[in-house]
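Take the sequence shown: its letter number 86 is residue 86 in the UniProt record's numbering, and every next letter is one higher.
Quick reminder that beta carbons are idealized off the backbone N, C-alpha and C, glycines included.
These figures come from a predicted structure and were not determined experimentally.
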Amino acid sequence: MNKDLVKIILVTAGALLFNLVFWNEKLAVNTVLFDAFLLSALFFLYPKARLHATVNWLLLGHLISLTMVVIHNTDLSKIAFVVTLLLVAGFAEYTHRSAWFAGGSMLMNVVMVAASFVEPIRLNRGKAVKGKGLSRFIRFAIFPIILLIIFFCIYRGANNVFSEIAGKIGVQLEIFFSHFFDFFSWQRILFLLLGLLITGSILLKSKLDYFSVKEARLNDGLQRFKRTLNKKREKPFFQFVELIMGKMASGMMALKNENTTGITSLVLLNVLLLVVNIIDVNFLWLHFQYEEGKPVFKMVHEGTELLIVSIVLAMAILLFFFKGNLNFYKRNKWLKYGAYAWIIQNAMLVSSVFLRDYYYILKHGLAYKRIGVLFFLLMVLVGLITVFIKIWSKRTNYFLFRVNAWAGIAVLVLASTIHWDEFIAGYNLKRKNTVDLDVAFLLSLSDKALPLLDTNIVALQKRENELQALHNNRTSACDSCFIEQLKQREKQFKQEQQQLSWLSWNYADAYTEKYFRKRGLITVVH
1 MNKDLVKIIL
11 VTAGALLFNL
21 VFWNEKLAVN
31 TVLFDAFLLS
41 ALFFLYPKAR
51 LHATVNWLLL
61 GHLISLTMVV
71 IHNTDLSKIA
81 FVVTLLLVAG
91 FAEYTHRSAW
101 FAGGSMLMNV
111 VMVAASFVEP
121 IRLNRGKAVK
131 GKGLSRFIRF
141 AIFPIILLII
151 FFCIYRGANN
161 VFSEIAGKIG
171 VQLEIFFSHF
181 FDFFSWQRIL
191 FLLLGLLITG
201 SILLKSKLDY
211 FSVKEARLND
221 GLQRFKRTLN
231 KKREKPFFQF
241 VELIMGKMAS
251 GMMALKNENT
261 TGITSLVLLN
271 VLLLVVNIID
281 VNFLWLHFQY
291 EEGKPVFKMV
301 HEGTELLIVS
311 IVLAMAILLF
321 FFKGNLNFYK
331 RNKWLKYGAY
341 AWIIQNAMLV
351 SSVFLRDYYY
361 ILKHGLAYKR
371 IGVLFFLLMV
381 LVGLITVFIK
391 IWSKRTNYFL
401 FRVNAWAGIA
411 VLVLASTIHW
421 DEFIAGYNLK
431 RKNTVDLDVA
441 FLLSLSDKAL
451 PLLDTNIVAL
461 QKRENELQAL
471 HNNRTSACDS
481 CFIEQLKQRE
491 KQFKQEQQQL
501 SWLSWNYADA
511 YTEKYFRKRG
521 LITVVH
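Structure (structure tokens):
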């Protein structure tokens with residue numbers, strides 16, 4: 001069978017499977033069924049992909065993420081599942097080394113999916129049944145069908161038994177078509193089209209391999225090259241440098257002038273950052289104390305966002321200075337020393353931001369943003385290390401972004417192995433006597449946290465009484481009626497589970513359901 005036709009059959013089958021397993025369901029065990037089909041079809045269409053180590057490593061990360069979808073069923077695990085699936089397809093279908101370019105190729109697949117789907121049909125149209133033969137068949141069938149209808153009506157009126165049988169058949173056909181059109185409602189048809197889009201984007205390789213061609217020209221190692229002045233001036237980056245430095249950006253002394261400017265800039269920036277780091281070491285590292293009556297976010301959290309921006313900007317400044325031929329300039333030793341000092345000082349600043357977040361967590365407990373800051377700081381440290389390697393080993397920006405992308409994917413997959421909502425609830429409730437419990441936030445966490453909240457219902461009641469006493473109003477709109485809100489969450493969980501089938505089974509919901517069954521609070525019947 002023609003390979004293009006096989007692709008269309010697989011995409012159509014995948015869309016139908018998507019429609020069957022995901023309609024009115026959540027991503028759970030049904031994801032395993034759909035993913036097994038997609039991976040089987042992908043490696044059937046592109047068998048050489050399994051020979052590549054990158055594909056196999058990505059496949060391992062993808063299977064971990066898939067497992068976490070079934071076990072934890074968190075949004076993070078679902079994001080990791082989708083990202084790794086797209087990357088597996090991108091590296092299986094195209095020649096790539098960087099996740100960024102593979103992602104670009106998959107985006108191209110999405111944009112061109114309609115053309116990729118229609119083109120094989122157009123090419124195989126000549127091999128199919130000819131249009132003239134089909135039209136002749138229809139014309140020859142019209143008269144016999146008319147005769148059949150006429151005599152059917154005559155026999156039905158003349159024979160009671162035949163009429164009764166025909167009536168029963170008519171009722172069954174009516175039931176069948178009512179269910180048929182229920183199944184193929186407009187919403188279901190649109191959902192089927194979504195399945196076609198998703199399956200086609202993953203399985204159908206676009207003929208436009210723009211990102212593969214572009215990446216093939218890029219290398220990890222920097223190379224010294226000579227450009228004419230006119231060609232340099234065509235570059236937006238050079239235009240920006242020329243705008244700042246004027247005539248010093250061109251001519252025989254251009255590299256010397258850029259080196260001098262870079263050294264001066266890094267010396268000034270290092271001195272300024274040294275002052276900030278000394279203040280942080282004194283205030284945060286050595287002599288930190290919570291001041292009575294002063295909000296913790298004023299002492300600790302305020303300014304953290306700006307410090308993070310400053311670190312990212314610091315890395316951008318180093319990329320600005322260590323561009324092109326300046327890496328090969330013989331007298332750039334002090335520029336490199338300034339860059340290394342700048343990297344080390346920014347690493348210290350990362351530590352200070354970490355301490356700010358740590359102190360905030362000690363006082364107020366865990367929350368999404370506070371955990372997010374920790375992961376972001378981890379990625380910033382990786383970024384600083386790779387910038388150091390780039391300068392030390394004369395690497396390209398392509399190397400920098402490629403390595404950091406892989407680090408990001410690894411962090412995403414590893415982070416998906418933890419159920420953060422349950423972790424947050426457990427951490428905060430264990431320290432209910434030392435942290436300020438934000439019960440409203442805890443009640444907004446996913447269903448997996450409900451058993452922990454129910455177990456600590458006394459602590460919630462205590463916090464509710466404290467807040468109501470603080471506002472001196474027990475008959476208000478009851479934003480702090482936490483027990484009532486918890487019972488409402490349990491009721492919603494029960495209703496949601498009753499609407500789902502076995503396709504939506506996941507360990508997180510099964511764990512919560514089992515807990516409430518033991519307590520006799522709810523009875524869930526699928």
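Are the CB atoms of residue j and residue i within a distance shorter than 8 angstroms?
i: Phe18; j: Gly195; result: yes
i: Phe399; j: Glu215; result: no
i: Ala41; j: Leu203; result: yes
i: Trp334; j: Asn270; result: no
i: Asn332; j: Leu384; result: no
i: Ser446; j: Met68; result: no
i: Ala425; j: Ala440; result: no
i: Arg370; j: Tyr359; result: no
i: Ser116; j: Ser206; result: yes
i: residue 533; j: Leu500; result: It is not possible to answer for residue 533, since the shown part of the chain is limited to 1 through 526.
i: Leu45; j: Met112; result: no
i: Val382; j: Asn404; result: yes
i: Leu443; j: Gln495; result: no
i: Asn428; j: Leu366; result: yes
i: Ala28; j: Asn506; result: yes
i: Ala339; j: Ile391; result: yes
i: Ser201; j: Asn109; result: yes
i: Ala58; j: Val32; result: What sits at residue 58 in the sequence shown is Leu, not Ala. No, the Cβ-Cβ distance between Leu58 and Val32 is not below 8 angstroms.
i: Trp406; j: Arg188; result: no
i: Lys394; j: Asn327; result: yes
i: Gly61; j: Val458; result: no
i: Phe493; j: Leu460; result: no
i: Arg97; j: Arg402; result: yes
Counting C-beta neighbours from all protein chains within 10 Å, is the total for residue i 16 or more, i.e. buried, or is it exposed?
i: Trp285; result: exposed
i: Gly262; result: buried
i: Pro451; result: buried
i: Ala15; result: buried
i: Met315; result: buried
i: Tyr155; result: exposed
i: Thr304; result: buried
i: Asn259; result: buried
i: Tyr290; result: exposed
i: Leu222; result: buried
i: Thr84; result: buried
i: His287; result: exposed
i: Glu174; result: exposed
i: Arg519; result: exposed
i: Asn433; result: exposed
i: Phe162; result: exposed
i: Val70; result: buried
i: Asp421; result: buried
i: Ala410; result: exposed
i: Val55; result: buried
i: Glu466; result: exposed
i: Glu464; result: buried
i: Leu193; result: exposed
i: Asp509; result: buried
Going by DSSP, what residues sit across from residue i in a beta bridge?
i: Arg395; result: Gly221
In whole angstroms, give me the CA-to-CA distance for residue i and residue j.
i: Phe375; j: Asp357; result: 11 angstroms
i: Ser352; j: Asp280; result: 6 angstroms
i: Ala469; j: Lys462; result: 11 angstroms
i: Thr264; j: Leu273; result: 14 angstroms
i: Gln498; j: Arg489; result: 14 angstroms
i: Glu513; j: Leu5; result: 46 angstroms
i: Leu66; j: Val387; result: 33 angstroms
i: Ala477; j: His471; result: Reliability of the predicted coordinates at Ala477 is poor, the pLDDT of 49 falling under 50, and no value is obtained from them.
i: Leu318; j: Val380; result: 14 angstroms
i: Tyr329; j: Ile311; result: 26 angstroms
i: Leu38; j: Ser105; result: 18 angstroms
i: Phe423; j: Leu453; result: 12 angstroms
i: His72; j: Val309; result: 32 angstroms
i: Val350; j: Val275; result: 15 angstroms
i: Arg224; j: Glu93; result: 33 angstroms
i: Cys153; j: Gln172; result: 18 angstroms
i: Ile418; j: Ser185; result: 39 angstroms
i: Ile79; j: Leu268; result: 42 angstroms
i: Gly372; j: Thr74; result: 15 angstroms
i: Ile149; j: Leu190; result: 35 angstroms
Exercise. Output the residue ranges of the alpha helix (DSSP H) runs that lie fully inside the region 404-472 and measure 4 residues or longer, sorted by chain position.
Key: 420-430, 439-442, 450-455, 457-471
Self-check item: Ranges of the beta strand (DSSP E) found wholly within the region 40-128, counting only runs of at least 3
Solution: none
Quiz prompt | Segments assigned beta strand (DSSP E), at least 3 residues, entirely inside the region 323-397 | solution = none
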